[in-house]
Amino acid sequence: THKRTPKDFIFGKAIGEGSFSTVYLAKDIHTGKEYAIKVCDKRHIIKEKKTEYVKREKEVLNMLAGAKHSFVRLFCTFQDMERLYFVLSYAKNGELLPYINKVGSFDIECTKFYSAEILRALEYLHGLGIIHRDLKPENILLDEKMHVLITDFGSAKILKDPEASVTTHPATDDSQQQQQQQQQQQQQQPYRRERRGSFVGTAQYVSPELLTDKTSRASDLWALGCIIYQMVAGLPPFRSRSEYMIFQKILKLEYEIPDGFCELARSLVSQLLVLDPTQRLGAQDEHGAGYPSIRAHPFFEGVDFETLHEQTPPPIY
Ligand SMILES: NC(=O)Nc1ccc2c(c1)=C(Cc1cc(-c3cccc(C(=O)NCCN4CCCCC4)c3)c[nH]1)C(=O)N=2
């Protein structure tokens, strides 16, 4: 097939906004197929010193080419003078977040199903030595049949030695960190520390170690805990009017379980929202062998993890 250009597509509405990109619904003129095309402005990426993030996203998407489901696929890339184009899967039902907001909170069957689909995706991702690092309901998409497609790997980390459970970065001094955090508050941007190799995702889902410069696959397990909490309660566990206040609550593990919160979900969430990443449920499971200790939690009683993708997702109402 010849190298595509923007002229091969009819661009429709914007369906997503990344920090350095806009995602458009687009139709391939030749096949009529719909895609999501992520368009990145070259000048902005260079100015913000984010070329590494764009390269990393393409590298991870290529590593995921063998995954049969659970992740958006990268079909092709091309560029023109001003922009880079990533032709990605179009997830017809969009992000998980509007569904949580629409129904207020998920019932237990929905929470179990979608938590299990996200866990299966993390097992595959971590099995390849990839940490997502910005997992949140906006990056969990739903395909035409309402199955999960994980997206946005711009913040991902590829562990060189997947056996290494934690990688560390030289910590910045507090004053520099606080100053940067105050800067971030004004911008209300996803909190990314502007230092070589260091970043964090989005405040509400950031694990404590991401704030103290240590990255591990357990960071995604923390985000999973936050997302399960949010499916049950309707809101994320750590909330405040500023990102800095959210970080303080995370580091103090300051969150509440509302009345009526399902006891089994509370038990699972409390074993994932653990400050020490090595003590989180699943953190001690053997690398590359999935998360048997999370699957075994009573919350997932009755879930058949091996046939999730063949199952009809429970209705969200
Ligand atoms: N940062 C990223 O990588 N972002 C990406 C990447 C790939 C990608 C991506 C984002 C996609 C986002 C997306 C957004 C949408 C969408 C946008 C606006 C509206 C809708 C929509 O109305 N969906 C119907 C379901 N709604 C949901 C909420 C309740 C009412 C009914 C979908 C569909 N797909 C996508 O399909 N593929």
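With positions in the sequence shown counted from 1, the corresponding number in the working numbering is that position plus 413.
C-beta atoms are modelled at their ideal positions from N, C-alpha and C, and glycine is treated no differently.
(request) Anything with a beta carbon under 5 Å from a heavy atom of ligand 1 counts; list them all in chain order. (result) Residues flagged by the Cβ proximity filter: Ile428, Gly429, Gly431, Val436, Ala449, Val485, Leu501, Tyr503, Ala504, Asn506, Gly507, Pro511, Lys515, Thr564, Asp565.
(message) Short of 7 Å in beta carbon distance, which residues of its chain neighbour Glu551, apart from the five on each side in sequence? Order them along the chain.
(response) Spatial neighbours of Glu551 in its own chain (CB-CB distance under 7 Å, excluding positions within 5 residues in sequence) are listed in chain order as Glu508, Leu510.
(message) Determine whether the beta carbon atoms of Tyr448 and Val500 lie at a separation below 8 Å.
(response) With respect to Val500, Tyr448 sits close: the two C-beta atoms are nearer than 8 Å.
(request) Within the same chain, show all residues whose beta-carbon is closer than 7 Å to that of Pro522, passing over the 5 residues directly before and after it, in chain order. (result) First, the residue type needs correcting, since residue 522 is Glu and not Pro in the sequence shown. Cβ within range, chain order: Pro727.
(message) Does the contact criterion of 3 or more C-beta pairs under 8 Å hold for the stretch 688-700 versus the stretch 646-656?
(response) The stretch 688-700 is not in contact with the stretch 646-656.
(request) With hydrogens ignored, establish whether the beta-carbon of Phe519 is closer than 7 Å to any heavy atom of ligand 2. (result) With respect to ligand 2, the structure offers nothing, as its ligand set consists of ligand 1.
(message) Does the structure place the stretch 533-553 close enough to the stretch 655-669 that three or more beta carbon pairs sit under 8 Å?
(response) The stretch 655-669, when compared against the stretch 533-553, does not touch it at the 8 Å Cβ threshold.
(request) Tell me whether Gly425 is buried or exposed, calling it buried when 16 or more other Cβ atoms sit within 10 Å of its Cβ. (result) Residue environment analysis places Gly425 among the exposed positions, since fewer than 16 neighbouring C-beta atoms fall within 10 angstroms of its C-beta.
(request) Determine whether the Cβ of Thr435 lies closer than 8 Å to any Cβ atom of chain C. (result) In summary, chain C is missing from the structure at hand, where a single protein chain is found.
(request) Take the Cβ of Met644 as the centre, count every other Cβ of all protein chains shown within 10 Å, and call the residue buried at 16 or more, exposed below. (result) With at least 16 other beta carbons inside 10 angstroms of its own, Met644 counts as buried.
(message) Assuming Ile459 is part of the alpha helix (DSSP H), what are its boundary residues?
(response) Residues 455-460.
(message) Considering Cα atoms alone, identify which of Val561, Ala636, Glu495 is closest to Val687.
(response) Measuring C-alpha to C-alpha distances from Val687 to each of Val561, Ala636, Glu495 identifies Ala636 as the nearest.
(message) Using CA atoms only, rank isn't needed, just tell me which of Glu669, Arg546, Arg654 is closest to Thr628.
(response) Cα-wise, what sits closest to Thr628 is Arg546.
(message) Among the candidates Arg654, Asp633, Glu656, Cys639, whose CA atom is the shortest distance from the CA of Glu669?
(response) Glu669 has its Cα closest to that of Cys639, out of Arg654, Asp633, Glu656, Cys639.
(message) In whole angstroms, give me the CA-to-CA distance for Asp556 and Leu624.
(response) Cα to Cα, the separation comes out at about 33 Å.
(request) Just the C-alpha distance for Asp520 and Lys570, rounded to the nearest angstrom, thanks. (result) Looking at the two C-alpha atoms, the distance is approximately 33 Å.
(message) Assuming the contact rule is C-beta atoms closer than 8 Å, Leu554 and Leu562 should be a hit. Round their C-beta distance to whole Å, please.
(response) By a beta-carbon distance limit of 8 Å, Leu554 contacts Leu562. Their separation comes to about 4 Å.
(request) Report the three-state DSSP secondary structure of Leu554 (helix, strand or coil). (result) If DSSP states are grouped into helix, strand and coil, Leu554 belongs with the strands.
(message) Spatial neighbours of Lys505 within its chain, please: C-beta separation below 6 Å, excluding the five flanking residues on both sides.
(response) These residues qualify, in order along the chain: Glu557.
(message) So for Ser629, helix, strand or coil by DSSP?
(response) Looking at Ser629 - three-state DSSP - the assignment turns out to be strand.
(message) Assuming contact is defined by CB atoms lying nearer than 8 Å, are Ile423 and Val436 in contact in what I supplied?
(response) For Ile423 and Val436, no; Cβs fall outside 8 Å.
(message) Here's the rule: buried if 16 or more other CB atoms are within 10 angstroms of the residue's CB, otherwise exposed. What is Ile459?
(response) If you draw a 10 Å sphere on the C-beta of Ile459, you find fewer than 16 other C-beta atoms in it, and that means exposed.
(message) Is it buried or exposed, Ala702, if we count other Cβ atoms within 10 angstroms and call 16 or more buried?
(response) It is exposed - the Cβ of Ala702 has fewer than 16 other Cβ atoms within 10 Å.
(request) Figure out for me which residue from Thr444, Lys420, Val619, Ser568 has the closest Cα to the Cα of Glu656. (result) Selected option, being the one with the closest Cα: Val619.
(message) Let's see if you can read the secondary structure: which residues bound the beta strand (DSSP E) around Gly425?
(response) Residues 422-430.
(message) On the DSSP letters alone, give me the boundaries of the beta strand (DSSP E) that Arg496 sits inside.
(response) DSSP places Arg496 in the uninterrupted beta strand (DSSP E) bounded by 496-501.
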